[in-house]
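Protein sequence lines, in the order shown, are assigned to chains A and B.
Note that the numbering used here gives residue 320 to position 320 of the first sequence, counting from 1, and the numbers run on in steps of one.
When you read off a place in the second sequence, starting at 1, and then add 443, the result is the number in the numbering used here.
The beta-carbon is built from N, C-alpha and C at its ideal position, and this holds for glycine as well.
2 protein chains.
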Amino acid sequence: MRAVLLAAGEGRRLRPYFNRPKPLARLLGLTLIERNILSLRECGIKDFIIITGCYSTELKDYLGNGEKFGVSLNYLHNPDWEKGNGMSAYTFRKDYHKHEKFVLLMSDHVFELDLLKNFIKEAENIKQDELLLAADSQLEKVYDIDECTKVKFEGNYAVKLGKRLNDYNAVDCGLFIGTGALLDALSRSIERGAYALTDAVNLMAELGKVKLHFVKNNWVDVDDYHSYKHAEKILLKSLIPAKDGFISRVFNRRFSIRITRLLASTSVTPNQMTLLSFLITAVAAVSFAMAKPLLGGLLAQLASVLDGVDGEISRLKFLKSSFGEVFDSILDRYGDYLIVAGMVYSWYHATGDSMALLVGAAALTGMPMSMVFKEKFRNALGKPFIPEIHDGIMRYFPANRDGRLFIIMLGGILNLLPATLILLAIGTHLQTFIRLYNLRKAA
Amino acid sequence: MRAVLLAAGEGRRLRPYFNRPKPLARLLGLTLIERNILSLRECGIKDFIIITGCYSTELKDYLGNGEKFGVSLNYLHNPDWEKGNGMSAYTFRKDYHKHEKFVLLMSDHVFELDLLKNFIKEAENIKQDELLLAADSQLEKVYDIDECTKVKFEGNYAVKLGKRLNDYNAVDCGLFIGTGALLDALSRSIERGAYALTDAVNLMAELGKVKLHFVKNNWVDVDDYHSYKHAEKILLKSLIPAKDGFISRVFNRRFSIRITRLLASTSVTPNQMTLLSFLITAVAAVSFAMAKPLLGGLLAQLASVLDGVDGEISRLKFLKSSFGEVFDSILDRYGDYLIVAGMVYSWYHATGDSMALLVGAAALTGMPMSMVFKEKFRNALGKPFIPEIHDGIMRYFPANRDGRLFIIMLGGILNLLPATLILLAIGTHLQTFIRLYNLRKAA
């Protein structure tokens, strides 16, 4: 399936803030249109038509042929862009392939990736004479509803659309799956002198041919500075994975998201953040070894916060890589090893107690077992390990690194290294045994 | 797709050895027909029709409705089984669904699982008026070719079949994908008084409708005691995974396969073998700790051999389980830990050298990293890690546990524990770093 991006307008209201065409306004390190291209690439779309108008040259110069995004970009120019966005959409008729379905969207709208993914899956369920429209019926959550195109619907089909509609129960998200029928409707409405895309959609709605897909995720039409800031907010929030550990969710992410926001516009890569987080863990380990547990604990927690940033940046800027994933995971193990070694050294050096060595060995061997178990589980069962479901009674012991590093921070602050090591030693192995036991029971 | 198993014959030649119907002769812990049912279950087939004749009651009593195999078994009786196997195959017409394709096989043939898997994938490529026949053109490898039905083929289609054919270039493996056309051909040939399945196949071959699938794996028609022993041999050989480590391939499997052969007819489970292997590792660890490195080393190697048996039994008897896979993998890690701990204790106890502790910590933390890396690699890249391809120069350092335990055995025999531990400590971590480096380079 190809995607058609409407990028012909002038975007006057946002211009003073960026001094460049609105689709090229930067938001968290990517221009608006770039983010839509990369998001759609994640949905499997590799072929794009960009409809230009006001800033044709600037867009072409910046985006090129798409090679740098790993997609193919082609341009169609709409000299009549000032008349309305229906004219722009209609420009696509020149390149339309018979019976083709295509994604049509506003290049200056910001969508959560999951919204696009879910929407595009629905493409197969519309008929050749229908249009699929992404609609948001959670009206209380819609940003700046006054600016939105309202939709009155019955069942799953739109009845009427319009910016000034009084009786409505959803709004139009500016995202469509079109067929030849949309181009026909555009032709009819333009003939009548109605140049907005909504005019053509209304013609189809009258025939009961505008099917709605109700979105669950966030989106925003970036119109002005306020909506721009709102888009930033929803994108940052969407970076938090559903399966975050407890400490990460209630504590780490508050900070990591802010750091990611600051770093988004820089060229800092996820792998650089992975390395930085590891190096801070190493300094934490040295601090523990030098009998500075408070500093060690705080640095461990700092490393834990930064350990979230790499993933956030990679999701935010579409920089995910297999190497990055493996690299992060291996360095996490080494970070754990170093911190435990530092703590053991401190304990043993201070007391000469050989118990420190035993407990240390137990903690060193226990720390990687959580990951060993989870990865093996996923490979053997073909589904991810979910602590809340699979951990039974052990779900109160940290199932993830965020929790273990938090315990280490507390141990450092309270200067309770032996107790912390004993807790980690017993907890990690006990967790592994109980996980095995639960798996056996479930089999 | 359903499978039709021909189990009507008398099997006179094998009877003296087993004192039960041939399909119920036990081979490596499973009856011949059971193995075919379970193999086909692995290929996704859940619905079976068993054509009985001579030993109808015995078969029904033993196999039941299939519940114990997780499949559905239904029986059709052929009172005329003595006339020939074409009569038995033709019995299936009573239950045939229009346009259905079905697998048809001799219940007393033994096939390697991969042979069946590859064959069944081809089912979709035959037309409704064709028959797909598994044929073996590697004539020098065929067991007891005198007893086989020969096939003369041109291109991918059979021209003529027969036991006494002089001009042939393949043999018939007794495995088919049939359609309604086969039942029609059976009807025609039975009308003419020709009651063998081959007679009907020949009718179709004359019309150019017998497509051939050339098998690459081993199979055998179990007719007499010699072919029975040959079947045992090919099944045992098929248990060795393609991606075995070097030590495992050239050494461990020679022994583990023999142990598996002995245990096949017992009720010993794969998980029991996993546990036994772990317990022997624990005894090896204690031996090292008690300054008996020779015993420790030999026991470690014994555990390594037994570590192969669990997988072999589970593949041989279709006892694979997700729990077993995770259990094996977690106990392997604990086995490694214990052995290294025993060796470190021995070194440290004898010398008081704190270097033993450092090296020990490095070896303890390095041992699980090979698996951590491989599992994470597989999850992140969606393909298995293959040392020969992905390990670069480190492929000469053991990539698997078999190699590491072999090093430990050598260290024990030569009483070189410190050197062994240093080698393991450096080798395992270096391997991890080089794997990361190679992954980065490949990205």
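Query, Result
"Alpha-carbon to alpha-carbon, Leu276 of chain A and Gln454 of chain A", "In this structure chain A extends from 1 to 443, so residue 454 of chain A is not present and cannot be described."
"Chain A within 9 Å of Ala578 of chain B, Cβ atoms only", "no"
"Phe816 of chain B beta carbon less than 9 Å from that of Leu879 of chain B", "yes"
"Contacts that Tyr337 of chain A makes with chain B (C-beta to C-beta distance below 7 Å)", "Thr808"
"DSSP three-state assignment for Asn695 of chain B, whether helix, strand or coil", "helix"
"Own chain residues within Cβ distance below 7 Å of Met852 of chain B, not counting five before or after", "Gly740, Leu741, Ala743 and Gln744"
"Per-residue contacts from Lys819 of chain B into chain A (C-beta, under 9 Å)", "Glu325, Val326, Ser329, Ile330, Met371 and Glu375"
"Residue(s) in a DSSP beta bridge with Lys150 of chain A", "A:Gly162 and A:Val171"
"Selection of the segment 818 to 847 of chain B by Cβ proximity to chain A, strictly under 7 Å", "Glu818, Lys819, Phe820, Arg821, Asn822, Ala823 and Leu824"
"Within 9 Å, strictly: CB atoms of Ser329 of chain A and Ala823 of chain B", "yes"
"Chain A contact residues for Pro811 of chain B, given Cβ-Cβ distances below 7 Å", "Pro368 and Val372"
"Neighbouring residues, chain B, relative to Leu357 of chain A (Cβ below 7 Å)", "Leu800"
"Burial state of Asn36 of chain A, where buried means 16 or more other Cβ atoms lie within 10 Å", "buried"
"Nearest-angstrom Cα separation, counted from Arg258 of chain A out to Val305 of chain A", "11 Å"
"Under the three-state DSSP convention, the category Arg345 of chain A falls into", "Correcting the residue identity first, residue 345 of chain A is Tyr in this sequence and not Arg. In the structure shown, Tyr345 of chain A sits in a helix (DSSP, three-state: H, G or I)."
"6 Å Cβ shell around Gln416 of chain B - same chain, five flanking residues per side excluded", "Residue 416 of chain B is absent from the model: chain B starts at 444 and stops at 886."
"Distance, Gly342 of chain A Cα to Met355 of chain A Cα", "15 Å"
"Short CB-CB distance (under 9 Å) between Lys443 of chain A and chain B", "Rather than Lys, the amino acid found at residue 443 of chain A in this sequence is Ala. So yes, Ala443 of chain A belongs to the interface."
"Between the CA atoms of Asn517 of chain B and Leu629 of chain B - distance to the nearest angstrom", "21 Å"
"Which of helix, strand or coil DSSP assigns to Lys94 of chain A", "helix"
"The segment 56 to 63 of chain A contacting the segment 343 to 363 of chain A, beta-carbon criterion three pairs below 8 Å", "no"
"Cβ neighbours of Arg315 of chain A in the same chain (closer than 7 Å, five flanking residues each side left out)", "Leu239"
"Members of the segment 293 to 317 of chain A near chain B, C-beta cut-off 9 Å", "none"
"beta-carbon Thr281 of chain A near the ligand ATP non-hydrogen atom, thresh 8 Å", "Of the ligands one can find in the structure shown there are none, so the ligand ATP has no counterpart to examine."
"Interface partners of Thr592 of chain B on chain A, CB under 8 Å", "Those within 8 Å of Thr592 of chain B in chain A number zero; the least Cβ separation is about 41 Å."
"Sheet register partners of Lys570 of chain B (DSSP bridge)", "In DSSP, Lys570 of chain B forms no bridge with anything."
"Limits of the alpha helix (DSSP H) - the one that Lys117 of chain A falls within", "Leu113 to Lys121"
"Distance CB(Met444 of chain B)-CB(Ile563 of chain B) smaller than 9 Å", "yes"
"Close-in-space but distant-in-sequence residues of the same chain around Val286 of chain A (CB under 7 Å, 5 per side omitted)", "Gly342"
"Interface residues of the segment 153 to 186 of chain A facing chain B [CB-CB below 7 Å]", "none"
"Ordered list of alpha helix (DSSP H) runs contained in the segment 713 to 787 of chain B, each at least 4 residues", "713 to 732 and 736 to 759"
"Any chain B beta carbon closer than 9 Å to Arg333 of chain A", "yes"
"Segment contact, 8 Å Cβ cut-off, at least three pairs: the segment 566 to 574 of chain B with the segment 468 to 479 of chain B", "no"
"CB contact below 9 Å: Ser720 of chain B versus chain A", "no"
"Contact between the segment 595 to 610 of chain B and the segment 517 to 533 of chain B (3+ Cβ pairs under 8 Å)", "no"
"Beta-carbon proximity list for Gly66 of chain A, same chain, < 7 Å, skipping 5 on both sides", "Phe48, Ser72 and Leu73"
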